[in-house]
Each structure stands twice: as C-alpha cells, then as structure tokens.
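Student: Its first residue numbered 0, the sequence shown is counted upward by one per residue in numbering that gives the first Met the number 0.
Beta carbons: idealized from backbone N, C-alpha and C, even for Gly.
I'd like to ask some things about the structure below.
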Amino acid sequence: MIDIRRVFTQVEHIFHEFGPRPEKPLVRGAIGAVLTNPFAGRYEADILPMMSLLDPVGLEMAQRLRAAMDVPVEDISTYGKGAIVGAAGELEHGALWHVPGGYAMRELLGWKGDRNAYRQGKAEEKTGQPGNALSIVPSTKKVGAAGSTLDVPLTNINASYVRGQFDAIEVRVPGAPAADEIVFILAMSTGYRVHERVGGLRAENISKWDGLR
C-alpha cells in the first residue's frame, strides 16, 4: 500500500527583508514525499489501515528534513504539515497524514506519548509543565493538479499563540501529484519571522504549557 515514488526537499535561509541583518538567518525547510494513492479512481469506505502504515514514512521524512536543514533539534521552533491529493483522489485521502505526519515531528522534537491512543481518540494531551512539541501541528490540504503549490502553515512547537512565529512556507513538487498520487509534506523552521515586530506572546515567555500559551 505504501509506494514512494519521489522525495523532494527544500531549505531556505532568510537573512533580511529590507531591515537589518540578524545575527543568525531564519532557516525554513520542507520535505514532500510523492506516494502512489492506492485509493485513486474509486471510493473506499475503510481507508484507516493506510494511516498506521504511514508512521515510518513520517518519521523518516522528519529526520531527513532536520538533517537537510543542518540545525540541531533544539533549534527547531515551528512546524506544520500538509498534503496535495492528485485529481483521481479525494480530500479525505490527504487527511490520513494528520497523525503520522504530525506525530513524526513531535517525536523528533522530544514529545513522549502514545500516538495510537491519539489515533483512536482515547487520550488527552499532557499539559501543565514545560516540554517539547506540546502544540497541535497546523495543517492544510487540497486536491490539485501536477505542479500545484501548497502554503503550509507554521506555528510554535509549544504554544500556538506565539504570534511572531506565525508563518507559512510555499511547497511545490515539480510534476506532482499525478492523478494517482499524493504528496505528503512536513515543514519546520528555526523561529521568528525576520523583522517580526507586531507584539504578542514571546516563545521565551510561555508559561501555561498547555499547547496554546
């Protein structure tokens, strides 16, 4: 059921946008895996078996993305995920990425939990204390033609309300997805937008450790 056809990785270093050059550039990266869609061209009522099969795909993608960004795990400050489903598929096929993609990055960043429990809706987030990857991983998905772009949202890994780290990265895998393919995407960055200055909660001031503040 899992047939990876291509893997595409992009990394950018943002030094400044009209303003002064920061001490360190903002590093943003994304990785897209192009898979055969086993459900293309037909309606399948039970698609859940594919979700658990995507777990190792997500873990490998998260590790490859971090390595491509060439930064320590401790420097990863934001994350996001997405999917582009080829025209012979349906939007729900992209939703299969929510657990495997999100928890792959959370586990890379030190989250300790039972992803199977979350997949089955049988557990709540552990909150109230400092930790890594406490916030929900933002996501987006769509059905699109080959060469379609997707703006993947990024938010702070521990508190979704860190305004200066609200961001998005545009991802496009040339020639994909074909009608019978899905592109599954992970994205991460090292922190604040270059020259962010609109106020709000700072990452260094997170206090509730509830995934929001």
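1) If you compare alpha carbons, which of A178, Y160, P48 and D54 is closest to E106?
2) Would you give the residue range spanned by the beta strand (DSSP E) that A29 belongs to?
3) Could you compute how far the alpha carbon of E169 sits from the alpha carbon of A44?
4) Please report the distance separating the alpha-carbon of H15 from that of A86.
5) Between which two residues does the beta strand (DSSP E) harbouring M187 extend?
6) Measure the C-alpha to C-alpha separation of Y191 and G163 and round it to an integer number of angstroms.
7) Taking the C-alpha atoms as reference points, what is the distance between G216 and K80?
8) To which residues of the same chain is A103 closer than 6 Å at the C-beta, ignoring the five residues directly before and after it?
9) Could you check what DSSP says for R65 in three-state terms: helix, strand or coil?
10) Which class does P99 belong to by DSSP, given the choice of helix, strand or coil?
11) Between the Cα of P24 and those of H12, L34 and V33, spot the shortest distance and give me the residue it belongs to.
12) Using a 10 Å radius around the Cβ and a threshold of 16 neighbouring Cβ atoms, would you call A175 buried or exposed?
13) Could you give the C-beta distance for V26 and V6, rounded to a whole number, given that I count them as a contact under 8 Å?
Tutor: According to the structure shown:
1) D54
2) L25 to T35
3) 32 Å
4) 38 Å
5) E180 to S188
6) 5 Å
7) No statement about residue 216 is possible, as the shown extent of the chain runs from 0 to 212 and does not include it.
8) G57, L58 and A61
9) helix
10) helix
11) H12
12) buried
13) Wrong, their Cβ atoms sit about 19 Å apart, outside the cutoff.
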